[in-house]
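Notes for the one structure printed next.
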Amino acid sequence: MKVSILIPAFNEEKNIAKTLDGLAEFKDKFCKERQIELQVLVIDDGSSDRTAAIAAEKGAKVIKLVSNTGKGGALREGLKYAEGDIIVFLDADLQETSQEVSKLLLPILEDSADVTIAKFKPVAGKKGFGLVKALAFYGVKSLTGREITTALSGQRAFKRQVLNDIQGIPEGFGIEVGMLVDILRKGYRVQEVDVDMSHDVTGRDFSGFVHRGKQFLDILKVLVRKKGGR
């Protein structure tokens, strides 16, 4: 069994080392015990800092893109190099909590799920108004009939055949929702998994609201396209 972990990263020099350290722990314990071969791919999405250099120093295979293509573009490029029977998408800012990826793999290894999605614990303190999360939840429900509370989570594991079978990876902030709709429509088994992961959270300042506004619009566009393509 081989597992490929894809980490799209843009100017993540403050986080990438600790995220890869967490995966080293995962490899030494979980992978060794289950005789899993691990491939870690960091897709440096046009960073201007030392993200790529640090990732290489930590032993990851680095795919360096000349310019910033966005998360979807980075993942599409990474998939060209992924050799695993199971493919995992992880964010670069998980730091040591990346070792919790083992919880995403177990249901797939036990064949009780085709896709798993990380379910984070609630963050202390309200960071937004919940509009983006509500749009994702009700949008997915209206198009598939399924209630998935983690539709926005970027921490996911897939059987390789699932990614081969869906329509591809959308652009922009609608990537997670768009992929989930395609996966559920195909009838694949999706399981939400409780994890003790943590990462950077968008704040309630001006830039945070701008970010959530872009996210809302991108998700809405994806949902409209998916509805029209039924």
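Start counting the sequence shown at 1; every next residue gets the next number (UniProt numbering).
C-beta: ideal position from N, C-alpha, C; glycine also.
Hey, how far is the Cα of residue i from the Cα of residue j?
i, j, result
"D196", "S98", "9 Å"
"D194", "I219", "24 Å"
"L6", "G228", "31 Å"
"P8", "T19", "12 Å"
"K103", "T69", "30 Å"
"E33", "F26", "10 Å"
"D85", "T116", "14 Å"
"E83", "L75", "14 Å"
Leaving out the 5 sequence neighbours to the left and right, which residues in its chain are closer than 6 Å to residue i when beta-carbon positions are compared?
i, result
"K61", "L41"
"L223", "G139"
"G46", "L65, S67, N68"
"R189", "A113, D114"
Keeping to the same chain, check which residues put their C-beta closer than 8 Å to that of residue i; ignore five residues upstream and five downstream.
i, result
"G72", "I169, P170, E171, G172, I175"
Looking at the strands, I want to know which residues DSSP matches up with residue i.
i, result
"K18", "Looking at the DSSP assignment, K18 forms no beta bridge with any residue, so it has no partner."
"I87", "S4, F158"
"E176", "Answer is none; E176 lacks a bridge partner."
"K61", "L41"
"A9", "D44"
Go to residue i, then tell me how far its alpha helix (DSSP H) extends in each direction, as first and last residue.
i, result
"P107", "101–109"
"G70", "70–79"
Whose C-beta lies closer than 7 Å to the C-beta of residue i among residues of the same chain, with five residues either side of it excluded?
i, result
"K141", "E147"
"Q215", "V132, F173"
"K226", "L143, G178, V181"
"A136", "A151, L152, V177, I219"
"D49", "N11, E13"
"D165", "K186"
Counting C-beta neighbours from all protein chains within 10 Å, is the total for residue i 16 or more, i.e. buried, or is it exposed?
i, result
"Q161", "exposed"
"S153", "buried"
"S112", "exposed"
"Q95", "buried"
"D28", "exposed"
"P107", "buried"
"G22", "buried"
Would you mind reading off the limits of the beta strand (DSSP E) that contains residue i?
i, result
"A118", "115–119"
"E96", "Run containing E96: none; DSSP gives neither H nor E here."
"V193", "190–194"
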